[in-house]
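Have a look at the structure below, then the notes.
Residue numbers (this note's numbering), protein chains in the order written: chain U, 244 to 486; chain D, 250 to 1110.
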């Protein structure tokens, strides 16, 4: 199977079939802020669309499968109808670029089903494609441990890495790639996908617990920093990066 | 623009002033006091004559009664004629809530006594009412005031802003005759900016132009402060009341040849000196510079003299509760305490009885602060304030010597008031729009009447209007817009039914600073909170710094929101002194004066007797002290060379890493700007691992293979601003200041729809907000204001540019010297800010070792 990193998305290819993976979206976050009295000037939706456009055109404009790893929305409640509609619009748009769209339910996705109902999509807890299992990352499922599964592709953690150089420091979204082995179970190759959410990079695993359902040895995971022009830069193991 | 006419006045004669008083008032006054104070002889007449006036007098100069005597006189006259109306005649504004309470009491008493006197004479006098409104005033008291309008209204700037938007209650301000602004010297900040706009709104609102009376401690530049008080294009008198007698100040330098007073032996000596001073005086007030030091002094005094001070000593600082502080103030007033120890909290006006001695432990960093503090001694009119500096190291020694000289020669360091602060402007425009509809040019004109905005460009003004109109996010305009602006009618008004409520619940300029929880980030105790530090401390900390909290050591790793994550059980010793956060910056003027002093000493070093005599005369000190200063400079000269105000020495040496140490004696605010700029250039030149350290006397950059010439060439007076704009981008300090500015501009509402946001939440939201705003435009007004605040208020970019210009014009020579190790003058800078550094206890040994090395190098020459 071929594994490619297209900007902040993951592209997997096997037997001519391609699957694009999109990390946590948190659409509606700015609406929540707005409702609590913060005049945030951002069109998250527009940014998501343009980011997505860039990525999908980088892979030929169309893929067979697109998987959204959960936390599509941030929260409902005080969100205006417009916001709700935007989320529907985004999902519909993404759907035009693939044959099959799979939406994984994340911990923020409570009350997502009315939206999906409207679109005729069912959210799942996990999804298995060939030897790859896709899950959000906050919950364990027995099926993920199946011997037929070699790879786990997860979201939830919003991995990012802060790079220091004397007086300067910068934070970047990144993929974390490593292995996970539980006693008595088969070893899994784990790929943690960064959040798709624009403007905020994410969480540095050296500073905070990414709160996965499993105890990953993240310090020994490989760090692939999301760079510009859909590129990704290899930085080696997390523990080797100067902190 | 017509220039302000600012005029210094002289005191009037006692008989002349007495004639101005109504007989009853005169009778009352001379029944209580022997004669008018000097301040009153200056100030009472001009106020009676309805002239704007700034009264500058040292603390304890009876300023308040001076301000009110003419006003009370006038009101008593009307009240006796039964002509007193139901309106506010005078507004008194003070930045301190507690002081307002004090004033209120100080007004009620005289009024009661005068009324009694009038009644005794069978005269009928209407009741003159005084009302107090601050953030602490209860709802019922406020309601009472609406029914019985106070004639004299005592309040804070924020409460005044609230009152001005109250539709009915504000009507009482329509014919205001006097405005008194107290503690003006404490308003050289955004609070002052807020107040200055407030005064303009007040003046515009009232059909009578109120007389403006400003009360200030000794301050400079006094003409500018007068202009600040009255606004542009207006006249003002200045009463500069000098202390009649000289203050009795002296300098005590405990060490024989003091490198530093931090070692155990030196500590003993220090406390014996303190003890002796305390025992020789009735009541002593010791000022330290930090809360920690305050606690430590008390602890050590008790340690060294067990039992001697129990019950007779008290601490006073802002972390203590209001009640605890009040208790200490009471005990001082009664004369119960032998010694009180304070950081900055006892500097300001609250009455604390009579103090015979003020001890300043370590430099207070500015002349005005030193005067304020020593002014707390001898509160009675004719007592000589007595103060002693106790210095703790050689740089402290030089600094205090110059402070003392400037105090004696009455050379006051200048303050800066923030100019064109866009966040305070946004808040005020909103307040104005809530009060009524404005013509936009009318609004701009009013704003430009304020001293703080007279150079405000139309572009900046319109960008703030645009922000308040919600132009930056058209889609959510209906929620974001606070005002509307009709381009055809050119009018501005408020939007939304919640406008007034939002304004009232979010008004103010003092940023809500939370305490940062210190949380263990890894290891056994992971997740546990071990204490808290304040945001100012966090702002100064670098990754890897080790600090002490609650007796244990922690290494700072990073912060997120209102939490600082640390490693516990650290073996390395503290690298950041506990006083780092509260460290007051040395004023630029004093720093330059020290540089000049060094230059004058350098010229005379060849003749030791002549030099020592020169020092003695120049700073009015003892032979012993002069000797210490002489030896310090001699050592530096023999080792390398003396940096002065005309010669900026850049030392190059190697100590594990390569160092460039700039002896830029301009105060830490300027050095903060310069060091960041040079470090940025060095990083751009691909130098690796750049680290920076600063203090008031200079800064250093360390790294690998530093090309000193390229680095120096990289920063000029013309590109400094551009470099710094980039250098501060994405730093924690900009983020925090952005949060403050966003809150002031009401872009982040602390209180909204009945819920209030914790500081932590505000910080989180502001992080996202900053990213979003950055994407929108780097010139978004609130972001620009955050940058301005960091570069102008926190750092001092203007003076930094001035220094660079002087270098370019060759008025200051740059001298690059290679040294085998850091020179004597650079030692304190290196040891105190070097994050790689060893134990604080070992610091003494390190210093002593270095000192020996210095002597060896000198001997070897």
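Even for Gly, the Cβ is constructed at its ideal location relative to N, Cα and C.
Which same chain residues, not among the five before or five after residue 838/D, have their C-beta less than 7 Å away from its C-beta?
-> Position 589 of the second chain, counted from the start, is the residue given in the question as residue 838/D. The residues are 662 and 663.
Can you tell me which of the three DSSP states residue 860/D falls into?
-> In the second chain, the residue the question calls residue 860/D occupies position 611. Three-state result, residue 860/D: helix.
At a CB-CB cut-off below 7 Å, which residues of chain D make contact with residue 284/U?
-> Taking the first chain and counting its residues from 1, the one referred to as residue 284/U is at position 41. Neighbours of residue 284/U on chain D, chain order: 721, 722, 1021, 1022 and 1025.
Residue range of the unbroken beta strand (DSSP E) whose run includes residue 701/D = Within the second chain, residue 701/D is the residue found at index 452, counting from 1. Counting along the chain, residue 701/D sits inside no beta strand (DSSP E), nor does DSSP assign it H or E at all.
How would you list, in chain order, the residues of chain U whose beta-carbon sits under 9 Å from the beta-carbon of residue 1074/D?
-> The count along the second chain starts at 1 and reaches residue 1074/D at position 825. Simply none; closest approach about 24 Å.
Would you check if there are 3 or more beta carbon pairs closer than 8 Å linking the stretch 290-305 of chain U to the stretch 248-266 of chain U?
-> Per the Cβ contact rule, the stretch 290-305 of chain U is in contact with the stretch 248-266 of chain U (3 or more Cβ pairs under 8 Å).
When you compare only the Cα positions, how much space is there between residue 473/U and residue 268/U?
-> Indexing the first chain from 1 puts residue 473/U at position 230. Indexing the first chain from 1 puts residue 268/U at position 25. Cα to Cα, the separation comes out at about 18 Å.
In the DSSP assignment, find the alpha helix (DSSP H) that holds residue 1013/D and state where it starts and stops.
-> On the second chain, position 764 is the one that residue 1013/D refers to. Counting along the chain, the alpha helix (DSSP H) containing residue 1013/D begins and ends at 1008-1025.
For residue 902/D and residue 1121/D, believed in contact at Cβ under 8 Å, the rounded distance = No statement about residue 1121/D is possible, as the shown extent of chain D runs from 250 to 1110 and does not include it.
State yes or no: is the beta carbon of residue 292/U nearer than 8 Å to at least one beta carbon in chain D?
-> In the first chain, the residue the question calls residue 292/U occupies position 49. Not one chain D Cβ lies under 8 Å of residue 292/U.
C-beta contact flag for residue 589/D and residue 258/D at 8 Å = Within the second chain, the letter at position 340 stands for residue 589/D. Within the second chain, the letter at position 9 stands for residue 258/D. No, Cβ-Cβ distance for residue 589/D and residue 258/D is not below 8 Å.
Considering only residues of the same chain and omitting the five flanking positions on each side of residue 547/D, which have a CB-CB separation below 7 Å?
-> By one-based count along the second chain, residue 547/D stands at place 298. Listed in chain order, the non-local C-beta contacts of residue 547/D below 7 Å within the same chain comprise 562, 564 and 590, local neighbours out to five positions each way being set aside.
What residue does the beta strand (DSSP E) around residue 906/D start on, and which one ends it?
-> Counted from its first residue, the second chain places residue 906/D at position 657. Where residue 906/D is concerned, the enclosing beta strand (DSSP E) stretches over 906-911.
Shorter than 8 Å from the beta carbon of residue 807/D to some beta carbon of chain U?
-> Along the second chain, read from residue 1 onward, the residue named residue 807/D stands at position 558. Yes, contact with chain U.
Could you name the residues of the same chain whose beta carbon sits closer than 6 Å to that of residue 906/D, not counting the 5 residues immediately before and after it, in chain order?
-> The sequence position of residue 906/D within the second chain is 657, counting from 1. Hits under 6 Å: 951.
Counting pairs of Cβ atoms below 8 Å between the stretch 297-315 of chain D and the stretch 374-384 of chain D, do you hit three or more?
-> no
Using the beta-carbon of each residue, which ones in chain D are nearer than 7 Å to residue 194/U?
-> An answer regarding residue 194/U cannot be provided, because it is not within the stretch 244 to 486 covered by chain U.
Residue-level contact to chain U via CB, residue 895/D, 8 Å cutoff | Mapped onto the second chain, residue 895/D falls at position 646. No, because no Cβ of chain U sits closer than 8 Å to the Cβ of residue 895/D.
Within the 8 Å Cβ cut-off, does residue 1083/D reach chain U?
-> Taking the first residue of the second chain as position 1, residue 1083/D is located at position 834. With a pLDDT of only 46 at residue 1083/D, under the threshold of 50, the placement of this residue in the model should not be trusted, and no figure is reported.
Check residue 262/U in the structure and name its three-state DSSP category.
-> Numbered from its first residue, the first chain carries residue 262/U at position 19. Residue 262/U sits in a strand when the DSSP states are folded into three classes.
Report the neighbours of residue 810/D on chain B: residues whose CB is nearer than 9 Å to its CB, in chain order.
-> The structure shown contains no chain B; its protein chains are U and D.
May I ask which residues mark the beginning and end of the alpha helix (DSSP H) holding residue 646/D?
-> Along the second chain, read from residue 1 onward, the residue named residue 646/D stands at position 397. Per DSSP, residue 646/D belongs to the alpha helix (DSSP H) from 643-657.
So, helix, strand or coil for residue 533/D, using DSSP?
-> Looking up residue 533/D in the second chain gives position 284. Residue 533/D: strand per DSSP, three-state reduction.
Own chain, CB closer than 8 Å to residue 237/U, minus 5 neighbours either side, in chain order = This structure cannot speak to residue 237/U, because chain U is shown only from 244 to 486.
heavy atom of the ligand NAD below 7 Å from residue 1079/D C-beta = As presented, the structure is devoid of all ligands, the ligand NAD included, so that no description of it is given.
Under the rule that 16 or more other beta-carbon atoms within 10 Å means buried, what is residue 385/U, buried or exposed?
-> On the first chain, residue 385/U is found 142 positions in, with the first residue counted as 1. It is exposed - the Cβ of residue 385/U has fewer than 16 other Cβ atoms within 10 Å.
Extent of the continuous alpha helix (DSSP H) to which residue 338/D belongs = What you label residue 338/D is simply residue 89 of the second chain in a count that begins at 1. Segment: none, residue 338/D is in no alpha helix (DSSP H) and carries neither H nor E.
Relative to chain D, which residues along the stretch 431-443 of chain U have a C-beta separation below 9 Å, given in chain order?
-> 441, 442 and 443
8 Å Cβ cutoff, residue 331/U in contact with chain D = Here residue 331/U corresponds to residue number 88 of the first chain, with the count starting at 1. Not closer than 8 Å to any Cβ of chain D, the Cβ of residue 331/U fails to qualify, so no.
Residues of the stretch 996-1009 of chain D with a CB closer than 9 Å to any CB of chain U: list them in chain order, please.
-> 996, 997, 998, 999, 1000, 1001, 1002, 1004 and 1006
For chain U, is any of its Cβ atoms less than 8 Å away from the one on residue 963/D?
-> Within the second chain, the letter at position 714 stands for residue 963/D. No - not a single Cβ of chain U is within 8 Å of the one on residue 963/D.
Are at least three pairs of beta-carbons, each pair with one atom in the stretch 955-963 of chain D and one in the stretch 918-931 of chain D, less than 8 Å apart?
-> yes
Within 8 Å (strictly less), CB to CB, does residue 779/D reach chain U?
-> Indexing the second chain from 1 puts residue 779/D at position 530. No, its Cβ sits nowhere closer than 8 Å to a Cβ of chain U.
Within its chain, find whatever has a CB closer than 6 Å to the CB of residue 339/D; leave out the 5 residues flanking it on each side and keep chain order.
-> Start at 1 with the first residue of the second chain, and residue 339/D comes out as number 90. So the qualifying residues of the chain are 320, 401 and 427.
Report yes if the CB atom of residue 784/D is closer than 8 Å to the CB atom of residue 985/D, and no otherwise.
-> To locate residue 784/D, count along the second chain from 1; it is residue 535. To locate residue 985/D, count along the second chain from 1; it is residue 736. It is a contact, given that the beta carbons lie within the stated cut-off.
Residue 452/U and residue 405/U: beta carbons closer than 8 Å?
-> Position 209 of the first chain holds residue 452/U. Position 162 of the first chain holds residue 405/U. In this structure, residue 405/U does not lie closer than 8 Å to residue 452/U by Cβ.
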